[in-house]
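Each step along the sequence shown adds one to the number in my numbering, with nothing skipped, and position 57 is 498. Scroll down for the structure; my scribbles are underneath it.
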Amino acid sequence: MGSTTDKIKGMANEAVGKAKEGIGKAVGSEQMQAEGAVQQMKGQGQQAVGNAKEAVKDVANKAADAANRKL
């Protein structure tokens with residue numbers, strides 16, 4: 442997956458998890474609240490992976506640019 446895809450999927454999981462947790466609180470379901478919290482964490486993790494991929498790509502591009510300038 443690309444960094445953008447990871448970020449988008451992460452944001453979606455975080456939003457769904459937040460909604461699930463809120464519904465769980467509203468209906469008194471601890472299980473649904475827990476599932477929502479887990480899904481939010483999964484989404485945050487996916488976004489972090491996307492950010493890391495983007496950072497690595499940026500560093501690689503800067504290194505390539507620097508190498509090309511020296512040639």
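We treat Cβ as the ideally placed atom computed from N, Cα and C, and that holds for glycine. Keep in mind the model is a prediction, meaning the values are calculated, not measured.
Starting from the Cα of residue i, find the closest Cα among the options and give me that residue.
{"i": "methionine 442", "options": "Ala505, Gln487 and Ala496", "result": "Gln487"}
{"i": "alanine 478", "options": "Ile464, Ala505, Val490 and Ala493", "result": "Ile464"}
{"i": "glutamine 457", "options": "Gln485, Asn509 and Ala493", "result": "Sequence check: residue 457 is valine here, not glutamine. Of the listed residues, the one whose Cα sits closest to valine 457 is Gln485."}
{"i": "aspartate 447", "options": "Ala505, Val490, Lys503 and Asp499", "result": "Val490"}
{"i": "isoleucine 449", "options": "Ala475, Lys461, Glu476 and Lys483", "result": "Lys483"}
{"i": "glutamate 462", "options": "Asp506, Ala508 and Glu476", "result": "Glu476"}
Indicate, with yes or no, if the ligand MN has a heavy atom lying under 7 angstroms from the CB of residue i.
{"i": "alanine 501", "result": "You won't find the ligand MN in this model; it holds no ligand whatsoever."}
Any idea if residue i is buried or exposed, counting beta-carbon neighbours within 10 angstroms, 16 or more meaning buried?
{"i": "glycine 469", "result": "exposed"}
Thinking C-beta only, is residue j closer than 8 angstroms to residue i?
{"i": "lysine 459", "j": "glutamine 481", "result": "yes"}
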